[in-house]
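As structure tokens, the structure follows; a few thoughts come after it.
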Amino acid sequence: MMGSSPEPKETAMPLPATIHSAVSPDAIRRASRLFSGDRRDCLHEMFQNARRAGATCIAVDLTEQDGRSLLHIRDDGCGIDDPAALLMLGHSGWGDDIARSEDPAGMGMFSLAGCAVDIQSFSPSAATAWKVQIPAHAWDSGAPLAIDPARIGWGTLISIELPADWKQGLSAAVADAARHYPLPVTLNGALLPREDFLKDAMFVENACGCRIGVYDRDPDWPGDQRINFHGHRVKCALPTVREEMDSGRLWTVRIDIIDAPKIHLVLPARKEVIDNAALKALREAAERILYKAISTRPDHRLSFTAWQRACELGVALPQARSGLAIWRPQTADDCHGRCSRMIAPDGAMLIVPSLEPDIAQALALARRKLPIEDVQLVEAEDALQGYAWYDTLPVIRDISLRIDREGAVHRYDDDMCLPADFACGLVDRIVIELTVCESGGKDAPHSVHSIEIPALVCRNGGWDIEEAIILATRDGGITPDRLSRIIYATLFCAADDSDCDSWDTQSRSFEREARQHATHILLGEDAATLEAINMSAWDNLSWLIPLDRKIVIHAERGAITVDFLPN
């Protein structure tokens with residue numbers, strides 16, 4: 000019996016001894032996907048190439064030839080010396096100075112990938128002009144393209160057959176690309192307007208190879224493009240500082256790059272800045288200049304943390320301007336129409352922390368009573384803690400309420416609700432207890448003050464008027480009108496029913512409901528019923544009565560008669 004021959008063994012491929020980075024030739028087949036195909040990318044890249052070539056101006060023209068729409072970009076720079084470098088992905092061909100200062104990537108021409116393009120340029124070393132036609136499909140094919148003689152005498156002319164989606168708004172896109180570009184640009188012979196990227200800056204200083212401008216308002220800049228790279232605006236997060244004041248003044252910076260070789264942009268489209276050590280240093284310099292700009296003002300209202308940061312950066316600032324806003328009790332609808340604050344006049348002050356609406360409305364009932372009637376209540380601004388003038392002011396550290404009803408004592412505060420079966424109505428006594436510290440210090444001496452108030456609307460962990468517990472003292476003297484206003488301030492929030500009706504309609508409806516509840520508690524069920532009828536008559540009937548007439552209505556369940564009274 001013959002034995003079978005052994006299977007031949009495959010020779011194992013040896014592993015390489017070393018590896019190195021390289022670009023695969025296959026990459027060129029994806030060249031059309033390096034850029035998004037946006038016309039702005041193309042304009043910015045062509046403009047940057049012209050500037051690097053030493054151009055003094057750029058002419059952009061839109062023409063129609065043989066049924067084709069063409070965009071022509073002509074510059075008077077040095078020209079493209081070596082046509083072979085034109086489509087060599089990753090090879091920029093720029094001189095040492097440009098390579099050092101701007102880190103060109105040799106990819107910008109590929110922003111035209113997918114377009115049919117004719118290029119004419121003058122080669123200084125060959126002392127002759129040349130031209131090439133690049134069909135739309137040739138960008139990622141690697142196919143050889145013929146170089147022919149041209150008649151251009153200097154610079155470069157790029158003619159692009161416009162894709163259909165480029166045509167609409169193209170003139171506006173060219174104008175936008177020219178807006179902060181350092182060279183003059185014409186469009187169909189008309190000079191396009193240019194402006195300084197740092198226009199309207201209230202303070203400008205150079206640092207890290209850049210011009211840094213400071214603004215005491217937040218410029219409305221689309222896409223947060225706050226860095227200008229020779230006309231190409233780039234998105235980047237930069238330092239901002241907000242002042243503690245009603246206007247909420249926001250200090251911001253913009254940066255105009257002059258010569259900052261270590262600031263690198265994300266390739267290929269350069270729409271973002273790489274977060275490296277150079278950007279960190281630039282941000283710190285911008286932050287320092289921002290505080291220097293603030294130091295030129297007579298005063299400021301920076302948070303204590305921001306003031307400390309300025310000191311760390313070597314910028315000496317005075318303490319924030321003293322003064323606090325007169326306290327205004329919080330309401331449930333504070334998101335609607337919170338009015339501007341008034342600064343309290345000089346004198347004795349007491350800082351009130353942020354409170355829930357029911358606690359705030361209770362404190363509002365106590366502020367005209369001893370021992371706080373001669374003290375101006377002011378709003379807390381926690382961001383100012385640390386300034387000497389702020390930390391020496393007395394502050395309310397705690398507020399709680401004590402309710403006496405039929406010999407039982409109940410407590411209510413932010414952390415303690417009333418029993419679920421606690422009924423709305425009259426009580427014997429309501430006392431608000433304030434724990435007041437003599438200053439903002441951690442271990443500052445404190446005292447407790449007890450003040451009687453005539454009413455209290457407890458939200459009791461809920462938000463609806465049906466869930467609230469509405470209380471008034473028997474001999475407090477509060478009127479239905481005043482109690483209804485407290486109910487409204489404590490509970491009404493249009494946002495809770497924003498899909499139901501307009502703010503005005505919701506407000507009027509809640510006012511009527513609050514008035515009826517207040518009347519019922521203070522005057523009883525009959526009075527509440529009459530009040531409801533009265534309010535309904537005002538809303539629905541009074542406008543029907545002639546100005547010079549009176550009517551009399553007799554109403555009962557199921558029957559209503561109406562008649563005019565004689566004049």
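Numbering that gives the first Met the number 0 puts the first residue of the sequence shown at 0, with every later residue one more than the last. Note that CB positions come from ideal geometry on N, CA and C, so glycine has one too. Keep in mind it's a predicted model, so treat the numbers as computed, not measured.
Quick one, which of Glu271, Ala83, Val173 has its alpha-carbon nearest leucine 190's?
-> Of the listed residues, the one whose Cα sits closest to leucine 190 is Val173.
Locate the beta strand (DSSP E) running through proline 317, then write down its first and last residues.
-> DSSP places proline 317 in no beta strand (DSSP E); its state is neither H nor E.
Of the residues Thr478, Asp547, Cys492, the one placed nearest isoleucine 520, counting alpha carbons only | Just measuring C-alpha positions, the residue of Thr478, Asp547, Cys492 sitting nearest isoleucine 520 is Thr478.
Under 6 Å Cβ to Cβ from histidine 179, same chain only, skipping five residues before and after it: list those, please.
-> Phe196, Asn227, Gly230.
First and last residue of the uninterrupted alpha helix (DSSP H) at cysteine 41 = Segment 38-51, the alpha helix (DSSP H) holding cysteine 41.
For leucine 569 versus cysteine 207, is the C-beta distance shorter than 7 Å?
-> Summary: the structure shown does not reach residue 569, with the chain confined to residues 0 through 566, and so no result is reported for it.
Are at least three pairs of beta-carbons, each pair with one atom in the segment 259-270 and one in the segment 282-301, less than 8 Å apart?
-> Between the segment 259-270 and the segment 282-301 there are fewer than three C-beta pairs closer than 8 Å, too few to call the two in contact.
Under the assumption that aspartate 80 contacts serine 122 (Cβ atoms under 8 Å), give the Cβ distance between them as a whole number of angstroms.
-> Going by Cβ atoms, the distance from aspartate 80 to serine 122 rounds to 5 Å, so yes, they are a contact pair.
Quick one: residues in its chain with C-beta nearer than 7 Å to the C-beta of arginine 589, no 5 flanking neighbours on either side, listed in chain order?
-> The requested residue 589 does not occur in the structure, where the chain is confined to residues 0 to 566.
Please confirm if leucine 546 has its CB atom under 7 Å from at least one CB of chain C.
-> In the structure shown, chain C cannot be found, because there is only a single protein chain.
Should threonine 560 be labelled buried (16 or more other beta-carbon atoms within 10 Å of its own) or exposed?
-> That one is exposed.
For arginine 367 and valine 430, the rounded distance between their alpha carbons | Valine 430 and arginine 367: Cα-Cα distance of roughly 14 Å.
Between which two residues does the beta strand (DSSP E) containing glutamate 204 stretch?
-> Here the beta strand (DSSP E) through glutamate 204 covers 202-206.
If you draw a straight line from the C-alpha of leucine 455 to the C-alpha of alanine 309, how long is it?
-> Looking at the two C-alpha atoms, the distance is approximately 46 Å.
Just the Cα atoms here: how many angstroms apart are alanine 149 and methionine 87?
-> Distance between the alpha carbons of alanine 149 and methionine 87 is about 21 Å.
Please check the pair leucine 182 and isoleucine 57, which I expect to be a contact at CB under 8 Å, by giving their CB distance rounded to whole angstroms.
-> At roughly 6 Å, the Cβ-Cβ gap stays under 8 Å, so leucine 182 and isoleucine 57 are in contact.
Boundaries (first-last residue) of the beta strand (DSSP E) holding alanine 558 = Going by DSSP, alanine 558 is part of the beta strand (DSSP E) stretching over 558-564.
Measure the C-alpha to C-alpha separation of asparagine 459 and proline 356 and round it to an integer number of angstroms.
-> Asparagine 459 and proline 356 have their alpha carbons spaced roughly 11 Å apart.
Under a three-way DSSP split, which group does cysteine 56 fall into?
-> Correct three-state label for cysteine 56: coil.
Enclosing beta strand (DSSP E) for aspartate 397 [first to last residue] | Per DSSP, aspartate 397 belongs to the beta strand (DSSP E) from 394-404.
Assigned secondary structure, aspartate 117 (DSSP; H/G/I helix, E/B strand, else coil) = Aspartate 117 carries a strand assignment under DSSP once its states are collapsed to helix, strand and coil.
Minimum length 4: unbroken alpha helix (DSSP H) runs contained in the segment 138-189 | Runs of the alpha helix (DSSP H) inside the segment 138-189: 163-166, 169-178.
Could you spell out where the beta strand (DSSP E) holding histidine 519 opens and where it closes?
-> No beta strand (DSSP E) contains histidine 519, which is instead part of the alpha helix (DSSP H) from 502-522.
Per DSSP, cysteine 576 forms a beta bridge with which residues?
-> Because the chain is modelled from 0 through 566, residue 576 falls outside the range shown and cannot be assessed.
Return the first residue and the last residue of the alpha helix (DSSP H) that tryptophan 388 is part of.
-> For tryptophan 388, the enclosing alpha helix (DSSP H) begins and ends at 387-390.
Secondary structure of threonine 528, DSSP reduced to three states = Threonine 528 sits in a helix when the DSSP states are folded into three classes.
Pairwise C-alpha distance: aspartate 500 and glycine 336 = With a pLDDT of only 48 at glycine 336, under 50, the local geometry of the prediction cannot be trusted, and no value is derived from it.
For glycine 66, the nearest candidate out of Ala135, Glu160, Gln47 (CA to CA) = Nearest to glycine 66 by alpha-carbon distance, out of Ala135, Glu160, Gln47, is Glu160.
Separation of arginine 39 from isoleucine 256, as counted between CA atoms = C-alpha separation (whole angstroms): 20 Å.
Closest by C-alpha distance to arginine 396, when choosing among Lys441, Gln360, Pro418, Trp388 | When each option's Cα is compared against that of arginine 396, the closest is Lys441.
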